[in-house]
């Protein structure tokens with residue numbers, strides 16, 4: 006199979022590209038910075054970004070499938086960074102998926118997110134959940150929701166797109182904000198639990214990469230598949246990591262009052278608070294398990310694999 010991939014140098018989609026290459030698929034990757042393409046040995050590189058229509062057309066012409074995973078992920082953005090996020094996450098998705106439809110690409114996978122469900126307020130929802138309108142925990146959530154809606158709309162117009170919705174992805178090489186917190190704790194630099202009550206669906210990177218291939222091979226066009234691993238609170242994540250590392254579990258949490266006070270001088274913290282205080286991003290992956298064979302590992306197993314050198 007010849008597959009065109011966006012976001013191939015990223016954490017999640019890069020893992021999927023490595024699996025594609027390992028099983029013998031021909032991968033063409035859209036890459037903005039050729040230096041970052043070095044780990045993609047075996048892939049054909051097309052230089053460009055999501056705003057480069059000709060590069061997209063060149064890379065997508067004649068392929069059997071498209072995996073669109075390129076996105077900007079950051080919490081606490083404003084001004085120009087918001088505009089860049091909208092261009093990447095919303096306009097970029099519309100451009101890639103619309104071109105795939107125009108070119109008649111027979112198979113498309115779009116990597117969305119569980120965050121499009123918004124704050125589930127303690128409920129574990131599924132793909133049929135209709136979120137209330139009007140509020141977002143972050144601008145990232147808003148842009149991913151709009152992009153998700155574009156994929157759904159194009160599916161209704163005939164695009165053979167399968168939508169993958171990962172939870173909070175973690176694993177070796179994770180440089181997200183939450184990954185940084187886990188790494189700080191592992192190094193002994195974080196004595197308190199941050200965002201203790203935040204509800205997450207922890208998803209090991211290799212599991213979601215395999216899930217993307219399962220969606221490519223077995224997913225039903227027009228259907229979305231939430232893909233998690235273990236539904237927990239943030240305190241549970243750090244308690245599990247403490248057990249993996251052979252340490253005592255942390256007893257105290259970072260007070261939100263402290264974060265709120267700090268947000269006066271660091272406004273970017275406001276989104277960190279709004280996207281964690283009293284928030285749960287919880288969705289079941291039962292559909293993915295039943296329909297396409299998704300089989301994620303436990304949180305403890307994933308953390309042991311990530312921090313084995315320390316455990």
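In the working numbering, the protein residues as written are 6 to 316.
In this text, a Cβ means the ideal position worked out from N, Cα and C, and glycines have one as well.
All of these numbers come straight from a predicted model, not from anything done at the bench.
| Query | Result |
| --- | --- |
| Distance, residue 306 Cα to residue 187 Cα | 15 angstroms |
| Beta-carbon proximity check, residue 101 vs residue 90, cutoff 8 angstroms | no |
| Distance between beta carbons of residue 13 and residue 45, contact taken as under 8 angstroms | 6 angstroms |
| Coil, strand or helix - residue 299 by DSSP | coil |
| Closest residue to residue 226 among 161, 263 and 273 (Cα-Cα distance) | 161 |
| Euclidean distance between Cα positions of residue 122 and residue 53 | 31 angstroms |
| Distance, residue 193 Cα to residue 250 Cα | 10 angstroms |
| Candidates 95, 313, 238 and 80: closest to residue 151 by CA position | 95 |
| Other residues of its chain near residue 297: CB distance less than 7 angstroms, five sequence neighbours each side excluded | 219, 220, 223, 224 and 230 |
| At least three beta-carbon pairs within less than 8 angstroms, the stretch 133-144 to the stretch 163-178 | no |
| Beta-carbon spacing of residue 258, residue 275 below 8 angstroms | no |
| Length of the line joining the Cα atoms of residue 213 and residue 268 | 34 angstroms |
| Own chain partners of residue 165 with C-beta closer than 7 angstroms, once the 5 adjacent residues on each side are dropped | 111, 112, 113 and 226 |
| Pair within 8 angstroms by beta-carbon distance, residue 311 and residue 199 | no |
| Minimum C-alpha distance to residue 263 - residue among 254, 136, 282 and 128 | 282 |
| CA nearest to the CA of residue 92, picked from 148, 278 and 253 | 148 |
| In DSSP terms, what residue 119 is bridged to | DSSP lists no partner for residue 119. |
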